[in-house]
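Trainee: Top line first, the protein sequences correspond to chains A and B.
All the letters of the first sequence, read from the start, carry residue numbers 18 to 823 under my numbering.
All the letters of the second sequence, read from the start, carry residue numbers 36 to 395 under my numbering.
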Amino acid sequence: MKFTLSWLKDHLETDEPLEKLADKLTMIGLEVEHIDNKAEQLKPIRIARVISAVQHPNADRLRVCMVDIGDGGAPVQVVCGAPNARDGLVTIFGPPGTFIPGKNITLSVGSIRGVESRGMLISGAEIEISDDHSGIVELPADAPIGASYVEWAKLIDPVIEINLTPNRQDATGVHGIARDLAAADMGKLKDPGIKPIKGEFPCPVQVSVEDATLCPGFALRLVRGVKNGPSPEWLQQRLTAIGLRPINALVDITNFMTYDRARPLHVFDAKKVKGNLTVRHARDGEELLALDGKTYKLDPSICVIADDHGVESLAGIMGGEASGCDENTTDVLIESALWNEINIAQTGRKLGINSDARYRFERGVDPAFMVPGLELATKMVMELCGGTPSENVVVGKAFPDDRVIDYPLSELKRLAGIEVPLPEARGILQRLGFMVAGNGPVVKIAVPSWRTDVHGKADIVEEIVRIVGVDKVPMTPFPRGDNPRKPVLTTLQSRTRRAKRALAARGMVEAVTWSFIAKPHAELFGGGQRQLSLANPIAADLSDMRPSLLPGLIAAAQANHDRGAGDVALFEVGQIFKGDRPQDQFTAASGVRRGFASSQGLGRSWTGAAQASAFDVKADAFAVLAAAGASVQALQIAPGGGNNFPAWLHPGRSAAIQMGPQNVLGYFGELHPRALEALRADGPVMAFEVILDRIPEGKAKATRAKPQLDLPAFHPVERDFAFIVARSVKAADIVRAAQAGDKRLVTGVTVFDVYEGKGIDPDKKSVAIAVTIQPREKTLTDQEIDAIAAKIVAEVTKKTGGTLRG
Amino acid sequence: MSDLETLQSQILADIAAAADEAALEAVRVSALGKKGSISALLATLGKMSPDERKSEGARINLAKDAVTQALTARRDVLKNAALDARLASETIDVTLPLRDAPADAGRIHPLSQTWDELTTIFADMGFAVAEGPDIETDDYNFTKLNFPEGHPAREMHDTFFFNPKEDGSRLLLRTHTSPVQVRTMLSQKPPIRVICPGRTYRIDSDATHTPQFHQVEGLVIDKGSHLGHLKWILHEFCKAFFEVDNINMRFRPSFFPFTEPSLEVDIQCRRDKGEIRFGEGEDWLEILGCGMVHPNVLRACDIDPEVYQGFAWGMGIDRIAMLKYGIADLRQLFEGDVRWLNHYGFKPLDIPTLAGGLSS
């Protein structure tokens, strides 16, 4: 919402300076976004007279002008390209140093085609005071040479733009803004009242409304014998200042009323209207060429005003070209109506029209001002264009229900923590147009018709608080009381937090990627279902909710590779979507490693750094699981491949991490080359993904004390074994078999060597394990240890077919 | 000089001349071995008279002790020399560079760090943390929050929608974290004191807007909380979060459908070449919106507005992170550029605490 200071002062008697008014506007909820003080910017521009204009020696279209700038000195030489630069013309001149907003340049002394030019003669468009760029400004011959142009032309009117919240339709007009300022002690509202204008004859055009829910009220009046033409200077200046283009007096009046009184109107050229007006739903196939020059296809959801020709106007949004007013208009129909807010918003959205009328009607205009608005417009039409008015035709309810709020005076203290004495509160409310009856403890407050946003006690509190000033509300300490100091994070939140720190502690870098990814990428990871596709994505490659964090991470890793940083270890802990219900959203902890980004560190090193391998990401996955509280001993590794295994992983170099046969906590391994190709990423890439929600919740402990420490009295014994087994035998099976050798005394089995190659059959491998035997009751004899070793060998042989390496 | 003395001095001279432990051992054997010169002298004692044996024995034993001591001393000297010589040859290039320790190389994203910081501050003020789903219903995201159907306030949200279901309803990506307020009020009885951090979405993309962003919502519902408390909490939070002794805040009336009265909050700051100082300067920077929970919202969540009241606020986590840590372009938060992450990220052991400081 834009307006000028002098426009505001038409409605507000005030001596307050602009800055103070602007600050107050912001502090009462009408946030000033911008003040355009053109007077300041254009100050150096003076009125000047062209003494002589002669042809430029080196350019056909340029003239060399000698200009009297009224400073008593010698004439100034200016090169000018305007066709109207001629001897004796009084125009405007910008000396070097002047900023020219229309060209976004600051003038300096220059040479144009070899002729010095010491300033500029200026067009209206160049300083954004009009659209005229056909030539330099032409002023009356008696304009004072040397005077400041902005002062002479009364351009010293700052333009104020406020960022209006959608509830305050009443402030879409200058009058409403002035009322708020008056309530906040910034002056006195000028409100002389509106006198009805008596009609001289019955309105020949009748109005029928087919659907009163779309059009609660409609007022119409004819003014006959008007003379339309350019509107007066003051009106044109007002409209130009706020960025509107003056058209003709009748149209300008409607725009003026829109901004002055928040009352959009429409004017029809009565001679172009055939028969009576009907407010109705559009019919399928109907079209309208609107005033913006575009043709709109209509449907029955759209409310229109039609005559015997058909649709003449998009109700409350924009008029039609065919019945518009121009300089030949002699009879004008003025419409002031009420429209259904939701329908206006929907129609505007559907047709893509953002008009000043829509802006106000979808917020809900003052219903009680429908007829007074028409009266005021009629008065203006008669003043500017003459003519004889008809009587009003009014259809529908002109004024809806009266709202009266029972307001306990204690409410202000209760909600806002501040006390305002009743007389002061009453004064504020009355200046805002409310009526307050009674002295408490509960008063009755009548809400003015233009405050369609006020419905209850809390709204009244807001009105008082915003005018008194929110800064007057004292800050009040908010003690935490005796609430127990318990952890405030949920299990999942704690897991998330710990997972992030655990992965970063393994040298990985946390990325945050988009929740939505390209559909083919989503499909690759089991997503892309219809219910997870956005109907209005911001870009084609951000269309589907991610079923996994990995597509985003792989893309980020590849982008880093493309930038020359190929050794990257990235992780993310965030939401993934397996369906559209709340319980289908999970928190995943995932990571990728590529190039020389192994657990030992980034890049190559003299220590013998290796490329990232599946075992690095296996370790990452286990680190996350341990940090998130999973019982790592209880986890099983199910090797990859097979029908139900994710196709994005290399079948031979990947696995699922499970807790029992059903609960898959996650996956790790090398990315499948086909998946990488689909993601347009260079491999190899190692990845893991763990779903934190799937970790079973640990049992709540009654005490924080740790269990008793069990320190055995006897030395442990370590024995090494090397087994020759088939290549397909899993190390985990050998370890498990060795543990089964003596479940009580074998307390540890580690694999310390795996060998394939020379000296071993090609389809075999050697796996060496170290077994820790912990005696319990007594030191073991050599025979007893040998017996255990024999059982271990027998068990491994039985489970894996392995033989002890000779 | 007697023979014994001559022998002793000869042996001592041999000991001193021994160049290594093997030579020294040869000297020892020739003197003290079974057939050694001193052993031979001791063997002669048996043939002597008791008196002679007494005096000669003492002399020979003295010589033997002297030789033994000299042997030990010389052995220590030779052993140390040998060790020194070995160590002198055992050198490593101590200037070979280290690899970064993983805990030094890893990074926590500035958003995660900020998340932890604000959780820490609000936990200290007695707030629990609530969360809700990103995919929401129109009812929770708008209707229960007092956004009337078709109201322009809905349009301000630039909502991402999913495809309509068979019954015509359509889900959306939450445009703010406020639906978590609704979920909290529907599932808990007052008094309520929660913050709700989470990811939110709007169709918007430029240097200061991204289609996904993060908010932290705060909600207090009880029987006495008012605007004064709200102002105090936000003021305390800003001081703690920005780690400054004082901060000037401006509370302006505004409009949100779900609060009444509604306020927007600016903080005073000075911006100079990308650096921001708080508590000084001419700029007012908007950081959050807040207000008293609208009675219609309370009613929609089965809470009686005549008995209970409270307030709520919503603040951009990305925005306050950018402000605090001098991040210029919002879009870089989501690009995964390791150069950016290494620079703006935090080390894993930089865990924000109130005792140790949030960011130091």
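From the three backbone atoms N, C-alpha and C, an ideal C-beta is built for every residue, glycine too.
Since this is a predicted model, take the numbers as computed values, not measurements.
1) Short check: CB of LEU25 of chain A to CB of ILE179 of chain A, under 8 Å?
2) Using C-beta distances below 6 Å, list every residue in its chain close to VAL752 of chain A, excluding the 5 sequence neighbours before and after it, in chain order.
3) Alpha carbons only, please: which of A:ARG697, A:ASP499 and A:ASN577 is nearest the one belonging to HIS538 of chain A?
4) Quick one: is LYS517 of chain A near chain B, going by C-beta distance under 8 Å?
5) Report back the beta-carbon spacing between ARG375 of chain A and GLY333 of chain A to the nearest angstrom; my notes put them in contact at under 8 Å.
6) Could you run through the segment 618 to 632 of chain A and flag, in chain order, every residue whose CB is less than 9 Å away from some CB of chain B?
7) Distance, Cα to Cα, ARG691 of chain A vs GLY657 of chain A?
8) Please tell me whether TRP531 of chain A has its Cβ less than 8 Å away from any Cβ of chain C.
9) Among all the DSSP beta bridges, which residues are the ones paired with GLU171 of chain B?
10) Using a Cβ-Cβ cut-off of less than 9 Å, give me the residues of the segment 523 to 554 of chain A that come near chain B, in sequence order.
11) Mapping DSSP to helix, strand and coil, what is GLN223 of chain A?
12) Who are the near neighbours of THR245 of chain B in its chain, counting only those whose CB is closer than 8 Å to its CB and skipping five residues on each side?
13) Helix, strand or coil: which one does DSSP assign to ALA158 of chain B?
14) Leaving out five residues on either side along the sequence, give the residues of the same chain with a beta carbon under 8 Å from the beta carbon of THR212 of chain B.
15) Excluding five sequence neighbours on each side, which residues of the same chain lie with their C-beta closer than 7 Å to the C-beta of PHE177 of chain B?
16) Quick one: is LEU331 of chain A near chain B, going by C-beta distance under 8 Å?
17) Jot down the residue ranges of each uninterrupted beta strand (DSSP E) in the segment 452 to 519 of chain A, minimum 3 residues, whole runs only, in chain order.
18) Determine the extent of the beta strand (DSSP E) in which SER128 of chain A is found, giving its start and end residues.
19) Leaving out the 5 sequence neighbours to the left and right, which residues in its chain are closer than 6 Å to LEU551 of chain A when beta-carbon positions are compared?
20) Looking at the secondary structure, which residues open and close the alpha helix (DSSP H) in which PRO440 of chain A lies?
21) With a threshold of 16 other CB atoms inside 10 Å of the CB of THR130 of chain B, please say whether the residue is buried or exposed.
22) So what's GLN791 of chain A in DSSP terms, helix, strand or just coil?
23) Can LEU652 of chain A and ILE674 of chain A be called in contact, C-beta distance under 8 Å?
24) So which of B:ASP241, B:GLU299, B:LEU384 and B:LEU333 has the shortest CA-CA distance to ARG255 of chain B?
25) Counting only the same chain and skipping the five closest in sequence on each side, list residues whose C-beta sits under 7 Å from that of ILE173 of chain A.
26) Count the CB pairs spanning the segment 465 to 480 of chain A and the segment 387 to 404 of chain A that are closer than 8 Å, and state whether there are at least three.
27) Pull the bridge partners of VAL529 of chain A from the DSSP assignment, please.
28) Compare the C-alpha of GLY486 of chain A against each of A:ARG431, A:ASP202, A:ALA394 and A:ASN371 and name the closest.
29) Can the beta-carbon of GLU338 of chain A be found closer than 8 Å to that of ALA307 of chain A?
30) Check whether the segment 220 to 238 of chain A and the segment 45 to 65 of chain A touch, using three or more Cβ-Cβ pairs below 8 Å as the test.
31) For PHE769 of chain A, count neighbouring Cβ atoms within 10 angstroms of its own Cβ and tell me buried if that reaches 16, exposed if not.
32) Per DSSP, what kind of secondary structure is ARG241 of chain A in: helix, strand or coil?
33) Using a beta-carbon distance below 8 Å, is GLU57 of chain A in contact with chain B?
34) Kindly list, in the order they appear in chain A, the residues whose Cβ is closer than 8 Å to that of LEU262 of chain B.
35) Taking 8 Å as the cut-off, decide whether the C-beta atoms of THR530 of chain A and GLY371 of chain B are in contact.
36) First and last residue of the alpha helix (DSSP H) that includes ASP379 of chain B?
Mentor: If we stick to the structure as given:
1) Taking the first sequence and counting its residues from 1, the one referred to as residue 25 of chain A is at position 8. Taking the first sequence and counting its residues from 1, the one referred to as residue 179 of chain A is at position 162. Contact flag unset, no.
2) The residue labelled residue 752 of chain A in the question sits at position 735 within the first sequence. So the qualifying residues of the chain are VAL766.
3) The count along the first sequence starts at 1 and reaches residue 538 of chain A at position 521. Checking every option, the nearest Cα to that of HIS538 of chain A belongs to A:ARG697.
4) Within the first sequence, numbered from 1, the residue matching residue 517 of chain A stands at position 500. So, interface residue.
5) Your numbering for residue 375 of chain A matches position 358 in the first sequence. Your numbering for residue 333 of chain A matches position 316 in the first sequence. The C-beta distance from ARG375 of chain A to GLY333 of chain A rounds to 7 Å, short enough to fall under 8 Å.
6) GLY618, LEU619, GLY620, SER622, TRP623, THR624 and ALA626
7) Locating residue 691 of chain A in the first sequence gives position 674, where the first residue counts as 1. Locating residue 657 of chain A in the first sequence gives position 640, where the first residue counts as 1. Using only the alpha carbons, I get a separation of about 16 Å.
8) The structure shown has no chain C; the protein chains it does contain are A and B.
9) By one-based count along the second sequence, residue 171 of chain B stands at place 136. Residue pairing by DSSP places GLU171 of chain B opposite B:LEU207 in a beta bridge.
10) ARG523, GLY524, MET525, VAL526, GLU527, ALA528, VAL529, THR530, TRP531, SER532, PHE533, ARG547, GLN548, LEU549, SER550, LEU551, ALA552, ASN553 and PRO554
11) Here residue 223 of chain A is taken as the residue at index 206 of the first sequence, counted from 1. Three-state DSSP puts GLN223 of chain A in coil, outside helix and strand.
12) For this step, residue 245 of chain B is matched to residue 210 along the second sequence. ASP239, ASP353, LEU365, ARG366, LEU368 and PHE369, listed in sequence order.
13) In the second sequence, counting from the first residue as 1, residue 158 of chain B sits at position 123. Helix, per DSSP.
14) Mapped onto the second sequence, residue 212 of chain B falls at position 177. Once the five neighbours on either side are set aside, the close Cβ partners of THR212 of chain B are GLY167, CYS231, PRO232, GLY233, THR235, GLN250, VAL251, GLU252 and GLY349.
15) Within the second sequence, the letter at position 142 stands for residue 177 of chain B. Excluding positions up to five away in sequence, the list reads ARG189.
16) Locating residue 331 of chain A in the first sequence gives position 314, counting from the first residue. Not an interface residue.
17) Taken in chain order, the complete beta strand (DSSP E) segments of 3 or more residues contained in the segment 452 to 519 of chain A are 452 to 454 and 459 to 463.
18) On the first sequence, residue 128 of chain A is found 111 positions in, with the first residue counted as 1. SER128 of chain A -> beta strand (DSSP E) spans 127 to 129.
19) In the first sequence, residue 551 of chain A corresponds to position 534, counting from 1. Excluding sequence neighbours, LEU551 of chain A sits near SER560.
20) Within the first sequence, the letter at position 423 stands for residue 440 of chain A. Where PRO440 of chain A is concerned, the enclosing alpha helix (DSSP H) stretches over 439 to 448.
21) Here residue 130 of chain B refers to the residue found at position 95 of the second sequence. Looking at its Cβ environment, which holds fewer than 16 other Cβ atoms inside 10 Å, THR130 of chain B is exposed.
22) By 1-based counting over the first sequence, the position of residue 791 of chain A is 774. Coil, per DSSP.
23) In the first sequence, counting from the first residue as 1, residue 652 of chain A sits at position 635. In the first sequence, counting from the first residue as 1, residue 674 of chain A sits at position 657. Between LEU652 of chain A and ILE674 of chain A, the CB-CB gap stays under 8 Å.
24) Along the second sequence, one-based indexing puts residue 255 of chain B at 220. Before going on, a small fix: residue 255 of chain B reads as Val here, not Arg. Checking every option, the nearest Cα to that of VAL255 of chain B belongs to B:LEU333.
25) Along the first sequence, one-based indexing puts residue 173 of chain A at 156. Excluding sequence neighbours, ILE173 of chain A sits near ALA56 and VAL167.
26) no
27) Indexing the first sequence from 1 puts residue 529 of chain A at position 512. Answer is none; VAL529 of chain A lacks a bridge partner.
28) Indexing the first sequence from 1 puts residue 486 of chain A at position 469. Selected option, being the one with the closest Cα: A:ASP202.
29) Here residue 338 of chain A corresponds to residue number 321 of the first sequence, with the count starting at 1. Here residue 307 of chain A corresponds to residue number 290 of the first sequence, with the count starting at 1. Yes, the pair counts as a contact, with Cβ atoms nearer than the cut-off.
30) no
31) Locating residue 769 of chain A in the first sequence gives position 752, where the first residue counts as 1. That one is exposed.
32) Here the question's residue 241 of chain A lines up with position 224 in the first sequence. Residue state, collapsed to three classes: strand.
33) Stepping through the first sequence from its first residue, residue 57 of chain A is reached at position 40. So, not an interface residue.
34) By one-based count along the second sequence, residue 262 of chain B stands at place 227. LEU432, ALA433, GLY434, ILE435, VAL482, VAL487 and VAL490, listed in chain order.
35) Counting from one through the first sequence, the residue named residue 530 of chain A turns up at place 513. Counting from one through the second sequence, the residue named residue 371 of chain B turns up at place 336. The answer is yes: Cβ separation under 8 Å.
36) For the purposes of this step, residue 379 of chain B is taken as residue 344 along the second sequence, with counting starting at 1. It should be pointed out that residue 379 of chain B corresponds to Tyr in this sequence rather than to Asp. Counting along the chain, the alpha helix (DSSP H) containing TYR379 of chain B begins and ends at 373 to 379.
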